[in-house]
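Engineer: With this note's numbering applied, the sequence shown corresponds to residues 1286 to 1463, in that order.
Handing you this structure, nothing more for now.
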Amino acid sequence: MLWHLQIDPAPGRRDLEGLRVAAEAADLGLPGPWRVAASRGFLVEGALSRDDLQRAAEAILVDPVAHDAALARTSHLPHAVAAALAASIPAELLSMAGGAYRDGTRVAGSDSELWTAIFLENRRPILDALGTFQGQVSAFKRALMAGDADAIRRWWEDARALRALFDAQTAPREALED
């Protein structure tokens, strides 16, 4: 069986960020693991089978709809938020910006043509992700307006716990890449 493939580098592969590879991935010996959104019924350039690609590229097969929804939340939304944060700071205040601004806006320096195309291509899942994000910002705003220290603390601690989980899941992979 032949598959249509959309291949993206797995999280933590900053050196390969934005790279898309067709079925040649197996022949190139590209490092994995890779997320592969595969749809039945399409020919793969080079006529590689799904099993061939999975073995060669350490592919993690993902349903294309689930892939797009996941990337909307884990990649596309953070890029949009980084751009919004960068655009929210007046130029005259940039001399006062530090590490939080640098870290929070790093991906806002990415190619605008690429990200315009990605945003438009994956519009519906990104809009869903933006709704969730806006809910989080609104919850923080309500707690801040009310002066509710407990709500702010819980909101921050929930986010901190998710970040710690992410760090724990990505630490071994990042250590191997150094």
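Each residue gets a CB set at the ideal place from its N, CA and C atoms; glycine is no exception.
On the CB-based measure, 16 or more other CB atoms within 10 Å of its CB, does A1449 come out buried or exposed?
Structural biologist: Its Cβ having fewer than 16 others within 10 Å, A1449 is exposed.
Engineer: Just to check my reading of the structure: F1425 and L1362 have Cβ atoms closer than 8 Å, yes? What is that Cβ distance to the nearest angstrom?
Structural biologist: The Cβ separation is near 16 Å, so there is no contact.
Engineer: Residues in its own chain within less than 6 Å of T1390 by CB, not counting five upstream and five downstream?
Structural biologist: So the qualifying residues of the chain are A1367, L1370, A1371.
Engineer: Does the distance from the C-beta atom of H1364 to that of S1395 stay below 8 Å?
Structural biologist: Closer than 8 Å, so yes.
Engineer: Let me make sure I understand the geometry here. Which of A1456, W1440, I1403, Q1454 has the alpha-carbon closest to that of A1354?
Structural biologist: Per the Cα distances, I1403.
Engineer: Measure the Cβ-Cβ separation of A1357 and P1410 and say whether it is below 8 Å.
Structural biologist: Yes. Within cutoff.
Engineer: Can you give me the start and stop residues for the alpha helix (DSSP H) that S1423 sits inside?
Structural biologist: Note, S1423: alpha helix (DSSP H), 1408-1431.
Engineer: What span of residues does the alpha helix (DSSP H) with R1387 cover, start to end?
Structural biologist: Note, R1387: alpha helix (DSSP H), 1384-1390.
Engineer: Rounded to whole angstroms, what is the Cα-Cα separation between A1414 and T1359?
Structural biologist: In a straight line, the C-alpha of A1414 is about 9 Å away from that of T1359.
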